[in-house]
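In our numbering, the protein residues as written are 1284 to 1370.
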């Protein structure tokens, strides 16, 4: 994906692009369809950005596959570390 194009796109719009759908599918395949943090199986999965530095040109290590529960726990932890209220 061209970075100049991406710079005029919101994050939500980026997540709707074919490029992101392909990147997400590749991450899920690498993870074997499993959460990186817990042993639960057959649960909905999310592909989480560890960094936004290369948004649109993500390296495989920029992404981690998490179940909804682990993703929520990660986000709450991030907010607490940043000193924000998690509500």
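From the three backbone atoms N, C-alpha and C, an ideal C-beta is built for every residue, glycine too.
- Ranked by Cα distance from residue 1306, the options 1323, 1349, 1360, 1339 are led by 1339.
- Distance between residue 1352 and residue 1337, taken at the CA atoms: about 26 Å.
- Looking at 1361, 1354, 1334, 1360, the one whose alpha-carbon comes closest to that of residue 1320 is 1354.
- Assignment of residue 1321 by DSSP, reduced to helix, strand and coil, places it in the coil class.
- When the alpha-carbon of residue 1331 is set against those of 1316, 1296, 1347, 1363, the nearest one is in 1347.
- Residue state for residue 1298 is assigned as coil, using DSSP reduced to three classes.
- It is roughly 23 Å from the alpha-carbon of residue 1301 to the alpha-carbon of residue 1318.
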